[in-house]
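Asks: Here you go, one structure.
Protein chains: 2
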Amino acid sequence: MSRGTEARPSEARARLLSTATRIFYAEGIHSVGVDRIIAEAQVTRATLYRHFAGKEELVLAYLDQADRGIRAQTEAARASADSPAERVRAVSRSIAEGIRSPGFRGCAFLNAVAEYPDPAHPVHRAVLAHRQWFLETVTELLEQAGHTPADAAGRHLVMLRDGAMAAGCLFDPDLVCETFLQGVEGILQAHPAATPPRHTTA
Amino acid sequence: MSRGTEARPSEARARLLSTATRIFYAEGIHSVGVDRIIAEAQVTRATLYRHFAGKEELVLAYLDQADRGIRAQTEAARASADSPAERVRAVSRSIAEGIRSPGFRGCAFLNAVAEYPDPAHPVHRAVLAHRQWFLETVTELLEQAGHTPADAAGRHLVMLRDGAMAAGCLFDPDLVCETFLQGVEGILQAHPAATPPRHTTA
DNA sequence: TGAGTGCGAGACCGAACGTTCTCCCTCATG
DNA sequence: CATGAGGGAGAACGTTCGGTCTCGCACTCA
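Those protein sequence lines, which keep their order, are chains A and B.
Mapping of the first sequence onto the working numbering: residues 9 to 210, in sequence order.
Mapping of the second sequence onto the working numbering: residues 9 to 210, in sequence order.
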């Protein structure tokens with residue numbers, strides 16, 4: 009009953025997916041073949057195609073797993089703070105932690121979309137969906153913090169995040185994180201829960 | 009005399025490089041083969057290998073051409089403005105123009121480095137060299153504008169540019185440009201020319 | 001006029017690509 | 001015990017990859 013007719017976890021499938029995740033993230037997608045993946049996952053070719061319709065589905069599963077991980081990490085950071093502004097800082101800090109962590113190789117989604125420029129491709133659309141979720145999430149956070157044009161602030165924060173993720177593996181990660189977190193502070197201070205409409209420093 | 013013993017422009021080579029540039033930028037590098045390129049350039053395989061040692065050299069030539077183009081565009085923008093702060097704005101506006109232009113597909117260098125994660129690879133190093141030049145250029149511009157921590161401001165501006173370039177082909181380009189240019193204004197106002205030195209528009 | 005050369009045309013190479021196939025073993029359930 | 005599904009092992013599929021090869025034409029310049 010416990011593992012009856014419904015989908016099994018399948019030890020082999022888990023090895024496959026975690027190996028694909030590791031290699032795709034570290035080396036890119038088009039440049040690694042299924043041979044590499046099945047070899048390092050210690051799985052045969054037939055097993056791969058028993059669990060995934062093809063390489064593309066493996067890529068989609070990789071991105072889906074990354075998406076779940078980031079959502080969970082973001083939710084944890086969000087829940088760790090009390091005030092709205094602190095929630096923005098906590099999410100930003102969790103991003104900075106990722107950039108600083110060893111093996112960081114940029115944003116899995118930005119890297120993937122660079123290899124799948126066709127907007128109609130499922131992989132490209134998965135990236136867009138993830139980004140849409142993130143934009144909405146941070147915009148909501150900033151809105152709760154009382155920022156008047158929450159849309160603009162959200163786009164600003166996402167843009168800063170994208171830049172930090174892109175540069176994090178090309179420059180000194182510590183400097184990138186410092187710049188990013190200072191930029192986040194700038195956003196938080198630039199749109200300060202206004203009583204009158206806009207206008208801040210001058 | 010005009011086309012003597014020195015290197016010729018070689019009509020075929022020019023077609024090869026412009027075709028490679030167009031296809032690599034629009035569709036990525038690993039996912040297009042030399043067959044595609046020689047077919048669309050209307051050149052035979054032998055001609056390709058007569059001018060380039062291999063695909064990798066073609067990729068390097070593509071990035072070199074992109075680098076020259078961006079440097080020229082930046083220099084033109086820089087020269088078009090009088091005050092230091094206006095030079096920063098002019099360079100930023102030229103970046104925004106690129107993002108808004110049809111066929112924009114992100115930063116050629118960020119896209120390329122996503123496919124060449126190995127820091128020792130010539131393509132990866134070409135990307136780092138280009139980025140180093142850009143960071144130094146904008147830092148110098150901001151320093152001339154009298155911004156006290158010019159390094160931090162330069163890194164901030166580069167981070168914003170990276171984010172804008174990454175998102176420019178994934179979101180509404182107009183909104184991306186608006187966010188980017190507002191962010192640049194924020195940088196210019198956040199590090200306000202210490203006490204005395206420059207200062208132009210007040 | 002004849003040597004040199006840039007280029008087109010296309011055959012060809014070995015390797016790697018993603019994918020499908022058969023065969024055999026294991027093991028839980030009828 | 002019989003059965004059938006899941007998985008390992010690996011041969012093999014056809015295609016495409018990047019790269020090399022020969023050959024012949026058209027052109028330029030000494």
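Even glycine gets a Cβ: it sits at the ideal position worked out from N, Cα and C.
Just so we're clear, the structure is a prediction, and the values are computed from it rather than from any experiment.
Quick one: using the 10 Å Cβ neighbour count with 16 as the cut-off for buried, is D90 (chain B) buried or exposed?
Replies: exposed
Asks: Report yes if the C-beta distance between G171 (chain A) and D180 (chain B) is below 7 Å; otherwise report no.
Replies: no
Asks: Considering only their Cβ atoms, is the gap separating R113 (chain B) from P185 (chain B) smaller than 7 Å?
Replies: Checking the displayed sequence, the identity of residue 185 (chain B) turns out to be Cys instead of Pro. No, the pair does not count as a contact, with Cβ atoms beyond the cut-off.
Asks: From this set, B:A137, B:Q190 and B:Q197, which residue's C-alpha is nearest R163 (chain A)'s C-alpha?
Replies: Of the listed residues, the one whose Cα sits closest to R163 (chain A) is B:Q190.
Asks: DSSP three-state label for R206 (chain B), please.
Replies: Confidence in R206 (chain B) is poor, its pLDDT being 40 and thus under 50, which makes the residue's placement too unreliable to answer from.
Asks: If you reduce the DSSP assignment to three classes, tell me which class A198 (chain B) lands in.
Replies: helix
Asks: For a test of the three-state rule: what should DSSP assign to D170 (chain A), helix, strand or coil?
Replies: helix
Asks: Mapping DSSP to helix, strand and coil, what is H38 (chain B)?
Replies: Coil.
Asks: Report buried or exposed for R53 (chain A), applying the criterion of at least 16 other Cβ atoms within 10 angstroms of its Cβ.
Replies: exposed
Asks: Distance cutoff 7 Å, beta carbons only. Does P110 (chain A) sit that close to anything in chain B?
Replies: Interface with chain B (7 Å Cβ-Cβ cutoff): P110 (chain A) is excluded.
Asks: Please report the residue range of the alpha helix (DSSP H) in which F142 (chain A) lies.
Replies: P130 to Q152
Asks: DSSP on R97 (chain B), reduced to helix/strand/coil?
Replies: helix
Asks: Does the beta-carbon distance from V99 (chain B) to T82 (chain B) come in below 7 Å?
Replies: yes
Asks: Leaving out five residues on either side along the sequence, give the residues of the same chain with a beta carbon under 8 Å from the beta carbon of R58 (chain A).
Replies: none
Asks: Under the assumption that V146 (chain B) contacts L165 (chain B) (Cβ atoms under 8 Å), give the Cβ distance between them as a whole number of angstroms.
Replies: About 5 Å separates the two Cβ atoms, so the contact holds.
Asks: How many whole angstroms separate the CB atoms of Y20 (chain B) and E123 (chain A), which I take to be in contact at a CB cut-off of 8 Å?
Replies: In the sequence as presented, Tyr is not what sits at residue 20 (chain B); that position holds Ala. Actually they do not touch by this definition, with Cβ atoms about 29 Å apart.
Asks: Under DSSP, the alpha helix (DSSP H) around F117 (chain A) begins and ends at which residues?
Replies: Here the alpha helix (DSSP H) through F117 (chain A) covers A116 to E123.
Asks: Could you tell me the distance, in whole angstroms, from the CA atom of G106 (chain A) to the CA atom of L25 (chain A)?
Replies: 21 Å
Asks: Rounded to whole angstroms, what is the Cα-Cα separation between Q73 (chain A) and E65 (chain B)?
Replies: 36 Å
Asks: Determine the direct distance from the alpha carbon of R108 (chain A) to that of R30 (chain B), and round the result to whole angstroms.
Replies: Whole-angstrom Cα-Cα distance: 35 Å.
Asks: Roughly how many angstroms separate the alpha carbons of R44 (chain B) and F60 (chain B), rounded to a whole number?
Replies: A straight line joining the alpha-carbon of R44 (chain B) with that of F60 (chain B) spans about 16 Å.
Asks: Report the three-state DSSP secondary structure of Q73 (chain B) (helix, strand or coil).
Replies: Of the three classes helix, strand and coil, the one that applies to Q73 (chain B) here is helix, per DSSP.
Asks: Tell me the DSSP secondary structure of L178 (chain A) in three-state form.
Replies: Correct three-state label for L178 (chain A): coil.
Asks: At 7 Å on the CB atoms, spell out the chain A contacts of R163 (chain B), in chain order.
Replies: L183 and T187
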